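Report on one structure; see the data block that follows.
Number of protein chains: 2
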Amino acid sequence: MAEALYIIKIGGNVIDNPEACSRFLSEFSKIPGPKILVHGGGKIATQIAARLQIETQMVEGRRITDKPMLDVVTMVYGGLVNKTLVAQLQVSGCNAIGLTGADGGIIRSVKRPVKTVDYGFVGDIEAVNASQINALLESNLVPVIAPLTYDKAGTLLNTNADTMASATAIAMASFYTANLIYCFEKKGVLSDPDNDDAVIPSLSPVSYLEHKEKGVINKGMIPKLDNAFAALQAGVGKVTICHADDLLKAIGEQAGTTITL
Amino acid sequence: MAEALYIIKIGGNVIDNPEACSRFLSEFSKIPGPKILVHGGGKIATQIAARLQIETQMVEGRRITDKPMLDVVTMVYGGLVNKTLVAQLQVSGCNAIGLTGADGGIIRSVKRPVKTVDYGFVGDIEAVNASQINALLESNLVPVIAPLTYDKAGTLLNTNADTMASATAIAMASFYTANLIYCFEKKGVLSDPDNDDAVIPSLSPVSYLEHKEKGVINKGMIPKLDNAFAALQAGVGKVTICHADDLLKAIGEQAGTTITL
């Protein structure tokens, strides 16, 4: 069996909370062996945009990334958030290296085609350079990936962090037994959105459908779960969705929701 | 003789000019063999700070970096400027990877001690991890370094790009014949600040002193030249100061001002 690689996605709500983020980074730095962190953006980009008097346009819960907003997310995700995480990890003994998809050409995308909505400078992932990422891992570096990619014209593109994490896990599955863990501020996928303890311990495609039909799965969770099933189908060994505080528990035994085929 | 490594510093005035910057990146991407780019910040940080209503405090031409300004330079230098350069280089066939001193722990510093002036979150370089930088070069990556470092507490620190370039060149001189080239918007060190063609072709410590005593060397040039002589004394093979458009000429034959011992 190939060596285990952990690909951890940390959500924006955890990043926005300095204490929760610091606890998470301490857990993350204790994972032995090769690992990758993919981080979301958090609300800081929206706050900075507001202070710069750039209007945040949202369509169906998704941010429209015009050029001024692209500059803001490049500054905030690629600069402030990414480098703050990297510096904190470095002093926790974790040899972090902050990257966007453009760095080392690790994740290239294509600007999302305009159908009914023009999302602006948003990228749909086209290619993950697994060999380049592996070269970094083999140098004992820990990639910390911001939710930005680039296209063939050299334009940076705002990119969904959940999708970046699953695409990275899928690509790395050719070198490692890839374990993908989505960490966020809830204990897992909940069967009752009003009860934080109503964690569904495991979800198969069939039980997922059943829960979806009952309408008990939070809408925001659906793209994450679709990414999770896609990752398993494409060769990722294990996918877990859990609380950021339960990261080591999820690795050691079980925590949150395990996604299965 | 060890393999040649080019460490190129590009000044903020070139970065602020999209056409000049694009010409420079095209030249830079044509340099064969291992190379490193260190970039300055440019005026964008001051502009963004003004739009965020953060006052830019200057003492003796140096920016005071309080916490709000540190966040701005982290966003602008580490995010917007660095990632824009990286994405442009990637599509020019140059396998760029954007880094601050914190990434891979490549350049650690210490917060500048308060004497007469408290410069705030400004770093004085303490250690360059030449082995880690060399591992990246050996993976055929081209480090693109932003003027930010970190300290032992995990705090990011605003750091002079000229000094980062010379410290990097000095550290890399144990692995390579290090060539340090400062590229900016002038043709070299000028003997007459009002005549852009009055380039001094070469400067030794003696002729530097003579020019300084005559008061003909622009004050802003003095820290750059002090860095240049320090680099040569510490084992760097060659130091040149030239126009960004003359980069390949400076490598191939001669352009700008060559600094000699």
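Taken in sequence, the protein lines are chains W and P.
Mapping of the first sequence onto our numbering: residues 1 to 261, in sequence order.
Mapping of the second sequence onto our numbering: residues 1001 to 1261, in sequence order.
Backbone N, C-alpha and C fix where the C-beta goes; we use that ideal spot for every residue, glycine too.
Since this is a predicted model, take the numbers as computed values, not measurements.
Quiz item: Got a sec? Which residues, its chain only, sit under 6 Å from residue 1100 of chain P by beta carbon, not counting five neighbours each side?
Solution: Here the set comprises 1078, 1146, 1148.
Quiz prompt | Beta-bridge partners of residue 1096 of chain P, as assigned by DSSP | solution = P:1142
Exercise. Look at the alpha carbon of residue 1251 of chain P and the alpha carbon of residue 112 of chain W, and state the distance between them as a whole number of angstroms.
Key: The straight-line gap separating the alpha-carbon atoms of residue 1251 of chain P and residue 112 of chain W is approximately 41 Å.
Quiz item: Can you tell me the Cα-Cα spacing of residue 1259 of chain P and residue 1195 of chain P, whole angstroms?
Solution: Answer to the nearest angstrom: the Cα atoms are 20 Å apart.
Quiz item: Hey, out of P:1060, P:1011, P:1019, P:1217, whose CA is closest to residue 1040 of chain P's CA?
Solution: When the alpha-carbon of residue 1040 of chain P is set against those of P:1060, P:1011, P:1019, P:1217, the nearest one is in P:1011.
Quiz prompt | Of the residues P:1023, P:1207, P:1025, the one placed nearest residue 1189 of chain P, counting alpha carbons only | solution = P:1207
Quiz item: Is there a Cβ from chain W that is less than 8 Å from the Cβ of residue 1052 of chain P?
Solution: Yes, residue 1052 of chain P lies at the interface with chain W (some Cβ there is under 8 Å from its Cβ).
Quiz item: Counting along the chain, where does the beta strand (DSSP E) carrying residue 1058 of chain P start and finish?
Solution: 1057 to 1059
Exercise. With DSSP as the reference, please indicate the residues paired to residue 1243 of chain P in a beta bridge.
Key: P:1184
Practice problem: State yes or no: is the beta carbon of residue 153 of chain W nearer than 8 Å to at least one beta carbon in chain P? | Solution: yes
Quiz item: With DSSP run on the structure shown, which of helix, strand or coil describes residue 160 of chain W?
Solution: coil
Quiz item: At least one CB of chain P closer than 8 Å to the CB of residue 69 of chain W: is that the case?
Solution: no
Quiz item: How would you call residue 968 of chain P, buried or exposed, if buried means at least 16 neighbouring beta carbons within 10 angstroms?
Solution: One cannot answer for residue 968 of chain P here, as it falls past the ends of chain P, which runs 1001 to 1261.
Quiz item: What in chain P is Cβ-close to residue 110 of chain W, meaning under 9 Å?
Solution: Within 9 Å Cβ-Cβ: nothing; residue 110 of chain W doesn't reach chain P, min ~13 Å.
Exercise. Check the DSSP bridge columns for residue 1039 of chain P and list the partner residues they point to.
Key: P:1010
Quiz prompt | Close beta carbons around residue 35 of chain W, own chain, < 8 Å, minus the five adjacent residues each side | solution = 5, 6, 7, 8, 28, 142
Exercise. Would you please state the rounded distance, in angstroms, between the beta carbons of residue 82 of chain W and residue 144 of chain W? I believe it to be under 8 Å.
Key: 6 Å
Practice problem: Can you grab the Cα-Cα spacing for the pair residue 236 of chain W / residue 119 of chain W, in whole Å? | Solution: Those two C-alpha atoms are separated by around 29 Å.
Quiz item: Which residues mark the beginning and the end of the beta strand (DSSP E) in which residue 1084 of chain P is found?
Solution: Run containing residue 1084 of chain P: none in the beta strand (DSSP E); it sits in the alpha helix (DSSP H), 1082 to 1090.
Practice problem: Could you have a look at residue 176 of chain W and say whether DSSP puts it in helix, strand or coil? | Solution: coil
Quiz item: Which residue's Cα is closest to the Cα of residue 1031 of chain P: P:1068, P:1106, P:1249, P:1044?
Solution: P:1249
Practice problem: Given a cut-off of 8 Å, decide if residue 1241 of chain P and residue 1220 of chain P are closer than it, judged by their beta-carbon atoms. | Solution: Inclusion of residue 1220 of chain P and residue 1241 of chain P in the CB contact set at 8 Å is not warranted, their separation being larger than that value.
Exercise. Identify each residue in the stretch 114 to 127 of chain W for which the Cβ-Cβ distance to at least one residue of chain P is less than 7 Å, and report them in chain order.
Key: none
Self-check item: Cβ contact (3+ pairs, closer than 8 Å) linking the stretch 1052 to 1069 of chain P and the stretch 1084 to 1097 of chain P
Solution: no
Quiz prompt | Short CB-CB distance (under 8 Å) between residue 1095 of chain P and chain W | solution = yes
Quiz prompt | Residue from P:1202, P:1211, P:1133, P:1093 whose Cα sits closest to the Cα of residue 1173 of chain P | solution = Closest in alpha carbon position to residue 1173 of chain P, among P:1202, P:1211, P:1133, P:1093, is P:1133.
Exercise. Identify, in the order they occur along the chain, each residue of the same chain with its Cβ nearer than 6 Å to the Cβ of residue 1016 of chain P, setting aside the five sequence neighbours on each side.
Key: 1042, 1043
Self-check item: residue 1199 of chain P versus residue 116 of chain W: straight-line alpha-carbon distance, rounded
Solution: 58 Å
Quiz prompt | DSSP state of residue 1217 of chain P mapped onto helix, strand, coil | solution = coil
Practice problem: Drop a sphere of 10 angstroms on the beta-carbon of residue 166 of chain W, count the other beta-carbons inside from all chains shown, and report buried for 16 or more, exposed for fewer. | Solution: Burial call: buried.
Quiz item: What span of residues does the alpha helix (DSSP H) with residue 1019 of chain P cover, start to end?
Solution: 1018 to 1030
Practice problem: Using the DSSP secondary-structure output, state which residues sit across from residue 1111 of chain P in a beta bridge. | Solution: Residue 1111 of chain P is bridged by DSSP to P:1123.
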